[in-house]
Amino acid sequence: MKKLLTIILFVIAGTGISVGQGNNYVQDYTKYQGLALTPPMGWNSWNKFACNVDEELIRKIADALVSSGMRDAGYVYINIDDCWHGDRDSLGFIHPDKKRFPSGMKALADYIHSKGLKLGIYSDAGSQTCGGRPGSRGYEFQDAQTYAKWGVDYLKYDWCNTEGLQAEGAYKTIAAALKKAGRPIVLSICEWGSSKPWTWAKNIGHLWRTTGDIYNCFDCIEDHGTWKSWGVMQILEKQDGLRQYAGPGHWNDPDMLEVGNGMPVNEARAHFSMWCMIAAPLIAGNDLRNMNEETKAVLTRREVIAIDQDSLGVQGYRYSVKDSVETWLKPLKGGGWAVCFLNRNASAKEVSFDWQKEVITDSVSKLVLNAKSTTYAITDLWKTGKPASTKKPFKRLIPSRDVVLLRLMPAKK
Ligand code: GLA
Numbered sequence: 430m431k432k433l434l435t436i437i438l439f440v441i442a443g444t445g446i447s448v449g450q451g452n453n454y455v456q457d458y459t460k461y462q463g464l465a466l467t468p469p470m471g472w473n474s475w476n477k478f479a480c481n482v483d484e485e486l487i488r489k490i491a492d493a494l495v496s497s498g499m500r501d502a503g504y505v506y507i508n509i510d511d512c513w514h515g516d517r518d519s520l521g522f523i524h525p526d527k528k529r530f531p532s533g534m535k536a537l538a539d540y541i542h543s544k545g546l547k548l549g550i551y552s553d554a555g556s557q558t559c560g561g562r563p564g565s566r567g568y569e570f571q572d573a574q575t576y577a578k579w580g581v582d583y584l585k586y587d588w589c590n591t592e593g594l595q596a597e598g599a600y601k602t603i604a605a606a607l608k609k610a611g612r613p614i615v616l617s618i619c620e621w622g623s624s625k626p627w628t629w630a631k632n633i634g635h636l637w638r639t640t641g642d643i644y645n646c647f648d649c650i651e652d653h654g655t656w657k658s659w660g661v662m663q664i665l666e667k668q669d670g671l672r673q674y675a676g677p678g679h680w681n682d683p684d685m686l687e688v689g690n691g692m693p694v695n696e697a698r699a700h701f702s703m704w705c706m707i708a709a710p711l712i713a714g715n716d717l718r719n720m721n722e723e724t725k726a727v728l729t730r731r732e733v734i735a736i737d738q739d740s741l742g743v744q745g746y747r748y749s750v751k752d753s754v755e756t757w758l759k760p761l762k763g764g765g766w767a768v769c770f771l772n773r774n775a776s777a778k779e780v781s782f783d784w785q786k787e788v789i790t791d792s793v794s795k796l797v798l799n800a801k802s803t804t805y806a807i808t809d810l811w812k813t814g815k816p817a818s819t820k821k822p823f824k825r826l827i828p829s830r831d832v833v834l835l836r837l838m839p840a841k842k
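When you read off a place in the sequence shown, starting at 1, and then add 429, the result is the number in my numbering.
The structure is reproduced here in structure tokens:
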């Protein structure tokens with residue numbers, strides 16, 4: 430009998446099956462596949478409300494997302510950023526601030542889900558969030574379980590107070606924790622591009638911030654002393670050289686939108702258009718309860734959103750610059766192209782482009798825009814009117830800090 434037992438144990442050991450412990454030590458550090466196949470769309474509390482978040486606000490924002498037509502235009506995530514937190518209990522479980530979220534997160538998630546929306550939440554890889562609330566360091570698996578239990582669908586995971594941590598390892602830990610918790614949750618990596626997450630995060634997160642925080646201006650830098658935040662144009666500049674890392678399920682994140690937070694409509698339109706050209710997540714950051722018609726028209730322009738959400742998922746690029754007027758291109762599914770002329774000047778500029786003159790090959794996707802061999806129908810995406818064609822050169826006066834955004838589709842023969 431003893432001999433038989435020895436043989437059985439020997440055989441088990443030989444197959445590599447561990448006895449007693451199971452194989453719980455095998456971690457799966459990868460994100461949920463099949464999420465964010467196009468850049469995520471939604472709303473986040475930070476840009477407008479900073480730490481002033483509570484359940485009443487979040488419910489009203491969810492209502493407004495629906496009544497404004499934004500949900501139907503594709504915005505689904507309602508993301509609560511920093512400062513929702515209360516304390517950890519004696520077992521280490523995190524609870525929302527009781528005064529701000531008296532009904533609890535599960536009830537809020539239920540409400541949001543009942544509207545056909547999804548709930549996003551925020552934490553931090555360090556001991557405290559940037560706003561000084563409890564971070565997830567040392568509590569990753571517990572927090573992931575809690576979020577899953579509440580019905581959270583999206584986690585923005587920040588990088589303040591991370592002394593001694595290494596980013597790739599820390600984000601792998603939270604990815605493993607989310608996987609283990611068993612609920613598909615989008616992981617938004619927010620370490621401001623410091624450790625070049627585009628080089629390591631493809632299988633860990635669904636999007637990663639490429640820069641520090643956006644500032645609510647078109648063309649400025651805000652110096653906070655120890656750190657800076659960046660205007661729309663400054664953030665755009667910082668996307669250079671990153672486009673080959675983006676694609677379905679893994680996106681460069683140039684930070685959330687400032688549309689509706691005070692920029693004039695031409696600047697808001699240019700900001701929104703450029704975020705669509707670079708396949709950025711479209712996370713609105715304004716007060717949806719009091720939007721004017723201009724803001725709503727920008728955020729819900731379906732033709733423009735379709736450029737961002739194109740299923741090919743190729744991030745656009747700056748093709749040429751002349752006189753501070755930039756020509757950006759983005760190849761689309763089905764042989765089409767988005768073409769955006771961005772006038773960064775303080776005055777109007779005329780742009781002209783002769784489609785017949787050059788055959789353009791995108792070095793990343795290898796797709797070709799060839800108006801010599803193909804005639805494309807041209808639609809102006811911010812205007813209504815008859816389509817034009819690439820048979821004739823394009824000419825237009827672009828107002829200061831504005832765009833002309835075109836969609837070229839191969840005309841049917
Ligand atoms: C960091 C992030 C911001 C926001 C704040 C919250 O600065 O980059 O997007 O989440 O923290 O404190």
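Built from N, CA and C at the ideal position, the CB exists for glycine as well.
Values in this document were obtained by computation on a predicted structure and should not be read as measured data.
Thr558 and Gly549: beta carbons closer than 9 Å? No, the pair does not count as a contact, with Cβ atoms beyond the cut-off.
Go through its chain and collect everything with a Cβ distance to Ser624's Cβ below 6 Å, but skip five positions before and after it. Correct list, in chain order: Ala596.
Alpha helix (DSSP H) runs wholly inside the region 546-633, at least 4 long, in chain order: The qualifying runs are 569-579, 596-610.
Reduced DSSP secondary structure (H/G/I, E/B, other) of Ile734: Here Ile734 sits in helix by DSSP.
CA nearest to the CA of Pro822, picked from Pro828, Ala800, Ser829, Ala840: Nearest option by C-alpha distance: Ala800.
Return the residue from the list Ser532, Glu592, Leu837, Asp501 that minimises the CA-CA distance to Leu758. It is Leu837.
Leu671 by DSSP, collapsed to three states: which one? If DSSP states are grouped into helix, strand and coil, Leu671 belongs with coil.
So, for Tyr748: in the same chain, excluding its five sequence neighbours on each side, which residues have a beta-carbon less than 6 Å away from its beta-carbon? Cβ within range, chain order: Thr756, Leu758.
Under 9 Å, do Glu569 and Ile603 count as touching if we go by C-beta distance? The Cβ atoms of Glu569 and Ile603 sit closer than 9 Å to each other.
Let's test the definition: count the other Cβ atoms within 10 Å of the Cβ of Thr819 and tell me whether it reaches 16, buried, or not, exposed. Counting the other Cβ atoms within 10 Å of the Cβ of Thr819 gives 16 or more, which makes it buried.
Delimiting residues of the beta strand (DSSP E) encompassing Gly471: Here the beta strand (DSSP E) through Gly471 covers 470-473.
Mind checking whether the beta-carbon of Thr602 lies closer than 8 Å to any heavy atom of the ligand GLA? For Thr602, the CB stays at least 8 Å from every heavy atom of the ligand GLA.
Coarse secondary structure for Gly449, derived from DSSP in three states: With a pLDDT of 45 at Gly449, under the threshold of 50, the predicted position of this residue should be treated as unreliable, though the coordinate-derived value follows. Gly449 sits in coil when the DSSP states are folded into three classes, being neither helix nor strand.
One question on the structure: do Ala502 and Arg731 come within less than 9 Å of each other, judged by their Cβ atoms? It is a contact, given that the beta carbons lie within the stated cut-off.
In whole angstroms, what separates the C-alpha of Asp518 from that of Asn695? Approximately 49 Å between the Cα atoms of the pair.
Going by C-alpha distance, which of Asp553, Ala726, Lys477, Leu834 is nearest Asn590? Nearest C-alpha to Asn590: Asp553.
Kindly indicate which three-state DSSP category Trp656 falls into: helix, strand or coil? Shown here, Trp656 sits in coil according to DSSP, grouped into three states, outside any helix or strand.
Three Cβ pairs or more, each shorter than 8 Å: is that satisfied between the region 675-688 and the region 460-472? Counting Cβ pairs under 8 Å, three or more are found: they touch.
Contact under 9 Å by Cβ, Val688 with Thr724: Cβ distance < 9 Å, so Val688 and Thr724 count as in contact.
Check whether the Cβ of Asp642 lies closer than 8 Å to any heavy atom of the ligand GLA, and answer yes or no. Correct: Asp642 has its Cβ closer than 8 Å to the ligand GLA.
Looking at the ligand SAH, does it come within less than 8 Å of Cys769, judged from the CB to the closest heavy atom? With respect to small molecules bound, the structure shown includes the ligand GLA and not the ligand SAH.
If Met706 sits next to Gly745, beta carbons under 8 Å apart, how far is it from one beta carbon to the other, in whole angstroms? Indeed, because the Cβ distance is near 4 Å, the residues count as touching under 8 Å.
Can you tell me where the beta strand (DSSP E) holding Gly515 begins and where it ends? For Gly515, the enclosing beta strand (DSSP E) starts and ends at 514-517.
Name the residue from Glu592, Asn632, Ile507 whose alpha carbon lies nearest to the alpha carbon of Tyr458. The candidate whose alpha carbon is nearest that of Tyr458 is Asn632.
Just checking Asn587 against the ligand GLA - is the residue's beta carbon closer than 8 Å to any of the ligand's heavy atoms? The sequence given here places Asp at residue 587; Asn does not occur at that position. Distances between the C-beta of Asp587 and the heavy atoms of the ligand GLA include at least one below 8 Å.
Cβ-based neighbour list, Val832, same chain, cut-off 6 Å, excluding 5 preceding and 5 following: Counting only Cβ-Cβ distances below 6 Å, and skipping sequence neighbours, we find Ala699, Ser702, Cys769, Leu771.
Sheet register partners of Ala479 (DSSP bridge): For Ala479, which the question treats as bridged, DSSP gives no partner whatsoever.
Among Ile614, Asp652, Glu651, nearest to His635 - alpha-carbon criterion: If we check each option's Cα against that of His635, Ile614 comes out closest.
Euclidean distance between Cα positions of Asp526 and Tyr551: Whole-angstrom Cα-Cα distance: 14 Å.
Beta-carbon proximity list for Val797, same chain, < 8 Å, skipping 5 on both sides: Counting only residues of its own chain and dropping the five nearest sequence neighbours on each side, Val797 has a CB closer than 8 Å to the CB of Val788, Ile789, Thr790, Asp791.
May I ask whether a heavy atom of the ligand GLA can be found less than 8 Å away from the beta carbon of Thr591? It does not: the Cβ of Thr591 is nowhere closer than 8 Å to a heavy atom of the ligand GLA.
Test item: CB-CB of Trp659 and Ile643 under 9 Å: Yes, they are a contact pair.
To the nearest angstrom, how far is it from the Cα of Lys841 to the Cα of Ala577? Here the alpha carbons of Ala577 and Lys841 stand approximately 48 Å from one another.
Say yes only if the C-beta of Arg638 is nearer than 8 Å to one or more non-hydrogen atoms of the ligand GLA, and no if none qualify. The answer is yes for Arg638.
Using a Cβ-Cβ cut-off of 7 Å (strictly less than) and excluding sequence neighbours within five positions of Val495, which residues of its own chain qualify? Excluding sequence neighbours, Val495 sits near Lys544.
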